[in-house]
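J.: In the numbering used here, the protein residues as written are 135 to 253.
Where a beta carbon is used, it is the ideal one built from N, C-alpha and C, also for glycine.
Have a look at this one before I ask anything.
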């Protein structure tokens with residue numbers, strides 16, 4: 135099976151990123167697994183194929199404590215870029231993590247709370 139995971143940041147710590155890392159590495163033993171991400175750390179399984187997705191992020195907005203605006207730019211740019219990167223590839227399953235738009239196979243909403251916007 136050919137599986138694609140979309141996640142803004144891939145690493146083996148944290149919540150969402152760790153969840154995707156464990157799924158990707160677990161499925162990579164018997165499947166062709168692709169991860170579309172803007173950054174990656176702790177890459178450990180040779181069977182996982184990574185694709186770098188361009189994403190807009192503004193240090194100035196973070197410095198000015200305008201994190202919600204920066205997050206909006208990150209989410210929208212990552213969503214648009216990843217959508218076009220996977221659109222014409224032949225995946226059996228495309229699994230995305232909550233904050234994306236488009237027609238995909240599996241959506242996982244990890245959290246939905248106001249505190250995330252206040253970061």
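Assuming residue 144 contacts residue 173 under a Cβ cut-off of 8 Å, what Cβ separation, rounded to an integer in Å, is found between them?
T.: 7 Å between Cβ atoms; contact.
J.: Within 10 Å of its beta-carbon, does residue 179 have 16 or more other beta-carbons around it, so buried, or fewer, so exposed?
T.: Looking at its Cβ environment, which holds fewer than 16 other Cβ atoms inside 10 Å, residue 179 is exposed.
J.: Rounded to a whole number of angstroms, what is the C-alpha to C-alpha distance between residue 176 and residue 202?
T.: Distance between the alpha carbons of residue 176 and residue 202 is about 27 Å.
J.: Give the range of the beta strand (DSSP E) segment to which residue 140 is assigned.
T.: Run containing residue 140: 136 to 140, per the beta strand (DSSP E) assignment.
J.: Along the chain, where does the beta strand (DSSP E) containing residue 186 start, and where does it finish?
T.: That run of the beta strand (DSSP E) goes 182 to 186.
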